[in-house]
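Those sequence lines, one after another, are chains W and H.
Each step along the first sequence adds one to the number in my numbering, with nothing skipped, and position 246 is 266.
Each step along the second sequence adds one to the number in my numbering, with nothing skipped, and position 94 is 114.
Even for Gly, the Cβ is constructed at its ideal location relative to N, Cα and C.
There are 2 protein chains.
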Amino acid sequence: MSDAAPLFNKLCLIGLGLIGSSIARAARARNAVREIAAYDASPQVLARVRELGIADDASGDLSSALAGADLVILCVPVGSIGAVARTCAPYLERGAILSDVGSVKGSVTAQVAPHVPPGVHFVPAHPLAGTEYSGPDSGFSTLFENRWCLLTPTPDTDAGMVEVTAEFWKRLGAKVEATTPEHHDLALAVTSHLPHLIAFNIVGTAAHLETVTQSEVIKFSASGFRDFTRIAASDPTMWRDVFLHNKDAVLDMLGRFNADLKSLQGMIEQGDGQGLFDLFTRTRAIRKGIVEQGQDTAAPDFGRPHDGKAP
Amino acid sequence: MSDAAPLFNKLCLIGLGLIGSSIARAARARNAVREIAAYDASPQVLARVRELGIADDASGDLSSALAGADLVILCVPVGSIGAVARTCAPYLERGAILSDVGSVKGSVTAQVAPHVPPGVHFVPAHPLAGTEYSGPDSGFSTLFENRWCLLTPTPDTDAGMVEVTAEFWKRLGAKVEATTPEHHDLALAVTSHLPHLIAFNIVGTAAHLETVTQSEVIKFSASGFRDFTRIAASDPTMWRDVFLHNKDAVLDMLGRFNADLKSLQGMIEQGDGQGLFDLFTRTRAIRKGIVEQGQDTAAPDFGRPHDGKAP
């Protein structure tokens, strides 16, 4: 892969958190671009990027970072992406691809599209990858390997530009698929946003119990609770923005979740053992599908990090 | 540890699933007992135990399995433990310790206590350990290492018998703590039963969506959903029994969860970004406590099994 010629001359990353700094590392490791410029609103982040040496230029001058860039990726929280796009717009090169990594595509498209200058190709993207850590130190070059990256171009986006954006993500190790912003936001509401919402909520519930002390909750967490805390440790700013910007789909999924939970609660109240058994048998089957499609290993999690000690 | 003298002469395990077969393996590996007898209602399970060679006797004769056993551990689902205890009672040796591994202690105590013959010491136990797999093949000798095992003796249980039961679990690598059945059931309702209930529910919700196909749910599961599917793949019989036998505490915790979820839903509806941010910041802090107390590692989960590739 890394023997292949670079796909872009100059990549400019706006925002060097977990995702932006991972793109920088992966693009260099995979020889995806000739040059990398980094810009971040935080001087501390830029200083750290210079120390880490993961970009060729991280001087803090936006116009020079964007000058000559044929691929610009906005890696900022969804709530600030409109303002960031407006700030960058005057410096975007004609013919450049403008992309992003936002977790909500409808809102991102609505916020960014008005600022895209003529001759610049806007190709929204969302790599389904991440960890519970934030900041330029937390990124790493293999983050996107074997993960999906969803592109949500508009019908009038130049097909060649979509293609080369897809090539870029494939070069970074990702699998690429295109869909509409609406379908993306619905699919992610169920596979990502609702699970995060539920995890944040259950960890919050546990935090303000009086009958069971917080130290007990932490001590006995390996019995199930622990898996939720990792998700609930995700970046607060990013997730605040996700819920505010994908409000309708999230509330829709939450409504379905609540209705199902009410019926499950009824089974427990009425002692409906057969109903519980049938539901739990169905959910077990879904896990099988995930393991079979390579989105997780079959190695059991022994109530501790997957340590590979198979029986 | 394994140089120490055995703590018991003969261990009899009733039920050789994930937990029972792990106890057999661990007790032998750690030289905790001189002899291991295994009994299971299923001839297939017993045949497999013989093939695996993890017990000295797995002949299928209950009276000979229990003869001479000074430690008997019932490793069966909570829903059948009363009947199993009644069946075993006539064969229990005077002076023996009768224990179990059930996830609900109030119900287990109520079901088993009436069948405990005079001179037999009943010391209920619950090792907080497991995986999403079931059956004698899924067990392994290190399952209990660095995990908690909770004992819930009654006030009139012989203290020396509680002590030697604790020693047994420590020999298997566990950390031991004693508490009341009531407090155990409340603590586990929040750290284990509610998380499982929620995971079963959300996976169920995702399974019957029409707008997002099941294949998309599986494909994009690494974005959060996947972590729930592992929990929701746990043994259906065991979990049916847990919810039916810890009904009150589970419904209490579910009520609190629902109230919190309603308030979280309100924040999203009203666009209360500050409220969301504050909650997500609090939940992130709880994760820190879990990592610091050694119940998980700080190694990030990169949207894939923990592979230790730290940045």
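In this chain, the beta strand (DSSP E) harbouring Asp120(W) covers 117–120. In this structure, Leu208(H) keeps its C-beta atom at 8 Å or more from the C-beta atom of Leu217(W). In this structure, DSSP gives His228(W) a state outside helix and strand, which the three-state scheme calls coil.
Minimum Cα-Cα distance from Val143(W) among the listed residues Glu152(W), Asp157(W), Pro215(W), Leu170(W) corresponds to Leu170(W).
For a cut-off of 8 Å, the C-beta gap from Asp120(H) to Ala149(H) is around 14 Å, too long to register as a contact. Rounded to whole angstroms, Ile306(W) and Leu281(W) show a C-alpha spacing of 18 Å.
In this structure, the CA atom of Leu192(H) is about 9 Å from the CA atom of Ala49(H). For the C-beta of His216(W), the chain H residues within less than 7 Å are, from N- to C-terminus, Gly244. Neighbourhood of Phe220(H) in chain W, by CB distance below 8 Å: Leu284, Leu299, Phe300, Thr303, in chain order. Cβ neighbours of Leu36(W) within its own chain (closer than 6 Å, five residues either side excluded): Ala58, Asp60, Val65, Val69, Pro156.
In the DSSP assignment, Cys169(H) is bridged to Pro147(H), Val196(H).
Asp205(H) is classed as buried because its beta carbon has at least 16 other beta carbons within 10 Å across all chains shown.
The CB of Thr200(H) never comes closer than 8 Å to any CB in chain W; the least such distance is about 12 Å.
At a cut-off of 8 Å between beta carbons, Lys125(H) makes no contact with chain W. Per DSSP, Phe28(W) lies in no alpha helix (DSSP H); the unbroken beta strand (DSSP E) holding it starts and ends at 28–34.
Among the residues of chain H, those whose CB is under 9 Å from the CB of Trp168(W) are Lys239, Phe240, Ala242, Ser243, following chain order. In this structure, Leu72(W) lies away from Ile56(W), with their beta-carbon atoms at least 8 Å apart. Going by C-alpha positions, Ala186(H) is about 35 Å away from Arg302(H). The three-state secondary structure of Phe164(H), taken from DSSP, is coil.
Straight-line spacing of the CA atoms in Val182(H) and Glu202(H) works out to 18 Å. For a Cβ distance threshold of 8 Å, residue set Ile238, Ser241, Arg246, Thr249 of chain W lies close to Ile310(H), ordered along the chain. Closer than 8 Å to the CB of Ser212(W) there is at least one CB belonging to chain H. Straight-line measurement puts the Cα of Lys195(H) at about 53 Å from the Cα of Ala103(W). Between Arg45(H) and Gly159(H), the beta carbon gap of about 6 Å places them in contact (Cβ cut-off 8 Å). In this structure, Val124(W) and Val262(W) form a Cβ contact; the two beta carbons are roughly 6 Å apart against a cut-off of 8 Å.
According to the DSSP assignment, Glu55(W) belongs to the beta strand (DSSP E) that extends over 53–59. The beta carbon of Cys95(W) sits closer than 8 Å to the beta carbons of Leu33, Ile34, Gly35, Leu36, Gly37, Ile39, Gly40, Ile43, Asp120, Val121 from its chain, once the five residues preceding and following it are set aside; these are given in chain order. Residues of the same chain with a CB within less than 6 Å of the CB of Arg250(H), apart from the 5 flanking positions on each side, are Glu152 in chain order. Across the segment 259–276 of chain W, CB contacts with chain H closer than 7 Å involve Trp259, Arg260, Phe263, Leu264, Lys267, Val270, Leu271, Leu274, Arg276, in sequence order along the chain. Excluding its 5 nearest sequence neighbours in each direction, Thr107(W) has C-beta neighbours in its own chain below 8 Å: Leu82, listed in chain order. Of all residues in the segment 167–186 of chain H, the ones placed with a Cβ closer than 9 Å to any Cβ belonging to chain W are Arg167, Trp168, Leu170, in chain order.
Within the same chain, Ala105, Arg106, Ala109 come within 6 Å of His135(H) by CB-CB distance, once the 5 residues on both sides are set aside. Take Val98(H), set aside five residues on each side of it, and the residues of its chain with a beta-carbon closer than 7 Å to its own are Gly122, Ser123, Val124, Ser127, Val128, Asp261, Val262, His265, in chain order. Around the beta-carbon of Pro138(H), fewer than 16 other beta-carbon atoms lie within 10 Å, marking it exposed. Nearest CB-CB separation between Glu71(W) and chain H: not below the 8 Å threshold. Runs of the alpha helix (DSSP H) spanning 4 or more residues and lying entirely within the segment 271–323 of chain H occur at 293–312, in chain order.
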